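Numbering (our numbering), first residue to last: 1 to 558. Using N, Cα and C, we set each Cβ at its ideal position, and we do this for glycine too. Because the structure is a prediction, the values reported are computed rather than measured. Encoded as C-alpha cells, the structure appears first; notes follow it.
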C-alpha cells in the first residue's frame, strides 16, 4: 500500500478531481465562486443566530421573548433554506461539470446566474422581514401570520427563493442531457446520474414551493383573512422534499469524497449505485404525511400507512453507505494494509480534513438515523412531536451529518477554485470530531429533556418542568456552544484559505491533503465484514432506544 501523500503511484482521484475542476471555463468558475461565497456567509450568519439561541436555552443569557422568536426565525430560515441550498447548488454544479464526460461548460449559464440573483434577493428580504414583525419561525405558518407586519415580505422572499432554485435546477439537468444527446457520453457516471436526479427533484420541489408560498404571499398582500387552501398540507408536500434533498446530496458527497481521498470507487456496478440513488424517488413522495401525525383531518389508516412507509426512507442512504464501506474495506485488504478485523481502518486518511468530515458525519448520521426511525412513528407523535426531542434529533442530521459533509467538500472546492492550499489542514482535520462531540452533547441532552416534557419552539416555558430539565438544558447549551465555535472555526478556515492561503499551481493545490492509494477490489475477492457488524449494532441500538422510549413516555398522558 502506498504511503499517505506519496506521489509515486498512478494518478490519484484527488489529482483528477483537481485537474477537472481547475480546467472549468472561467465563467463557470465565477458562478461557482458566487454560490460558494454566499453559502459561507449564510452559514456563518446562521451559526451566530444559533449561538444566541443556545445561550438562552442553556440559561446563560436572557432575551425578551419577541426578540428570541425573531432570532429563532432568522436562524431556521438562514440555515435551512439558504445555507443548505446555496451550498447544494454549488455541490451539484461541481458534480455535473466534473463527472460528466464531454461537458466543457454549464448549459444556459445565464439562467443559473438569474437563479443566483433571485435566491440572493430572497435571502436579503427574509433577513429583513422578521425584524419588521414576521416572527413565525422558518415554517412561515399561515394563518398564524395574519396581521403580522412584514409577513407578506417574508413569503415574497420564499417565492424568490423558489424561483431561483427553479432557475438553477434547469441548467444542472440540461448540461448532462445535452452531453448525452450530442453523443459526447454514452452512459452517465453514477455521480452524474445522482446529481441530475437531485436537480430534477429540486425542479418539482420548486414548483411546490411556488404553489404554497406564492398563494400565501398573495393572501398576505391582500390583507389576510380566511385562506382558500390548506397551508399545512401544501407546505409539508414541499418541505418533505426540501429536507430530504440535502440527504441525497450528502450521500453523493460521501460517494465522491471516498474516491477522491482513497482512490476507491464502488467495487459494485454503477448500475447498482444508480438503483439506490433512484430509490429516493420511490420513497420520498408518499411519506410526507408523517409530518402531519397531529393533524386531526388525517385518518388513522393514512397515518398508519405513512408511518409504515416512513421506515423505508432510510434504505437508500443506508445502502449507499454500505456500498462505500464495503468498497473501502475490500480495497484496503487487497492492497496489503493492516489485516485485523478493524485494523484496516487505521490506514484511512484521517489526516485529510475532508475525509475526517465525512467519517464524523457518518457517526452523527448513525445516531440521527436510529432516532429518526423512532420519532417518525405515529404512536409517539402526540407525545414527542412538540417537545425538544425533535430539534435535538434533527441537529444530528442538519449539523453533524449534512453541514459537516458539505464543509468537507468545500475544503477541496475552495482551494481548487482559488488556487490556494487549505489553511491549517491539521487543525481542520480535528474540527469534525470536536463538532461531533458538540452534536452528541446537544442531541442526547435535548432528546432526554424532550422525553421529560421540555417543549420546542419556546426558550423559556412559563410552567414547572421535570427537575432534571434545567441541567439538561444547560448541557444542550454547552453542546450548542461547542457546535457554534467549531462551525465558526470552519468558516474562518475557509475564508482564510480563499483570501490568504498559500498559492499553488494546478496539481499542487491539494498536495497538503493526505490521501491513500488503494487498488480497487473485485466483489467477493476478500471478506469485508465491517458493514455487516455496523448494521447489526445499529439495529441493536434501534431496538434498545425504542424500548427506552416506551419506558420513558409510556406512562405520560396522550
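Taking C-beta to C-beta, are residue i and residue j nearer than 8 angstroms?
| i | j | result |
| --- | --- | --- |
| residue 14 | residue 515 | yes |
| residue 158 | residue 122 | yes |
| residue 105 | residue 25 | yes |
| residue 361 | residue 405 | yes |
| residue 388 | residue 449 | yes |
| residue 410 | residue 483 | no |
| residue 262 | residue 518 | yes |
| residue 114 | residue 31 | no |
| residue 350 | residue 357 | no |
| residue 153 | residue 125 | yes |
| residue 116 | residue 164 | yes |
| residue 528 | residue 333 | yes |
| residue 488 | residue 102 | no |
| residue 373 | residue 311 | yes |
| residue 365 | residue 419 | no |
| residue 443 | residue 354 | no |
| residue 384 | residue 390 | yes |
| residue 425 | residue 309 | no |
| residue 268 | residue 520 | no |
Can you list, in chain order, the residues of its chain with a C-beta nearer than 8 angstroms to that of residue i? Leave out the 5 residues immediately preceding and following it.
| i | result |
| --- | --- |
| residue 201 | 241, 245, 248, 280, 281, 284 |
| residue 218 | none |
| residue 557 | Legend: pLDDT at residue 557 = 49, less than 50; position of this residue unreliable, value from coordinates given subsequently. Excluding sequence neighbours, residue 557 sits near nothing in its chain. |
| residue 59 | 470, 473, 474, 477 |
Of all the options the options, which has the alpha carbon lying nearest to the alpha carbon of residue i?
| i | options | result |
| --- | --- | --- |
| residue 401 | 493, 252, 500, 192 | 252 |
| residue 68 | 458, 165, 224, 452 | 458 |
| residue 317 | 344, 96, 370, 342 | 370 |
| residue 142 | 359, 50, 233, 531 | 233 |
| residue 542 | 358, 376, 238 | 376 |
| residue 138 | 57, 359, 81, 512 | 81 |
| residue 330 | 118, 438, 526, 52 | 526 |
| residue 89 | 34, 125, 72, 71 | 34 |
| residue 71 | 86, 59, 48 | 48 |
| residue 166 | 178, 533, 160, 203 | 203 |
| residue 168 | 100, 86, 225 | 86 |
| residue 23 | 424, 540, 99, 184 | 99 |
| residue 27 | 54, 110, 267, 183 | 110 |
| residue 293 | 322, 243, 381, 546 | 381 |
| residue 547 | 55, 451, 509, 29 | 451 |
Among the residues of its own chain, which have a CB less than 7 angstroms from the CB of residue i, if the five just before and after it don't count?
| i | result |
| --- | --- |
| residue 46 | 75, 78, 79, 83 |
| residue 40 | 491, 494, 495 |
| residue 238 | 205, 208, 209, 212 |
| residue 92 | 172, 195, 198, 199, 249 |
| residue 162 | 206, 209, 210, 213 |
| residue 393 | 368, 371, 372, 375, 443, 447 |
With 16 as the cutoff for other CB atoms within 10 Å, does residue i come out buried or exposed?
| i | result |
| --- | --- |
| residue 500 | exposed |
| residue 421 | buried |
| residue 416 | buried |
| residue 287 | buried |
| residue 128 | exposed |
| residue 480 | buried |
| residue 276 | buried |
| residue 427 | exposed |
| residue 147 | exposed |
| residue 537 | exposed |
| residue 432 | buried |
| residue 314 | buried |
| residue 42 | buried |
Identify whether residue i lies in helix, strand or coil by the three-state DSSP scheme.
| i | result |
| --- | --- |
| residue 391 | helix |
| residue 105 | coil |
| residue 285 | helix |
| residue 519 | coil |
| residue 503 | strand |
| residue 215 | helix |
| residue 432 | helix |
| residue 425 | helix |
| residue 496 | helix |
| residue 551 | helix |
| residue 529 | coil |
| residue 171 | helix |
| residue 456 | coil |
Skipping 5 residues on each side, what residues in its chain have a beta carbon closer than 6 angstroms to that of residue i?
| i | result |
| --- | --- |
| residue 17 | 260 |
| residue 151 | 134, 145, 220 |
| residue 193 | 274 |
| residue 149 | 132, 133 |
| residue 52 | 71 |
| residue 235 | 212 |
| residue 178 | 107 |
Report yes if the C-beta of residue i is less than 7 angstroms from at least one heavy atom of the ligand COA; otherwise report no.
| i | result |
| --- | --- |
| residue 15 | For the structure depicted, the ligand COA is absent and the ligand set is empty, with no information on it obtainable. |
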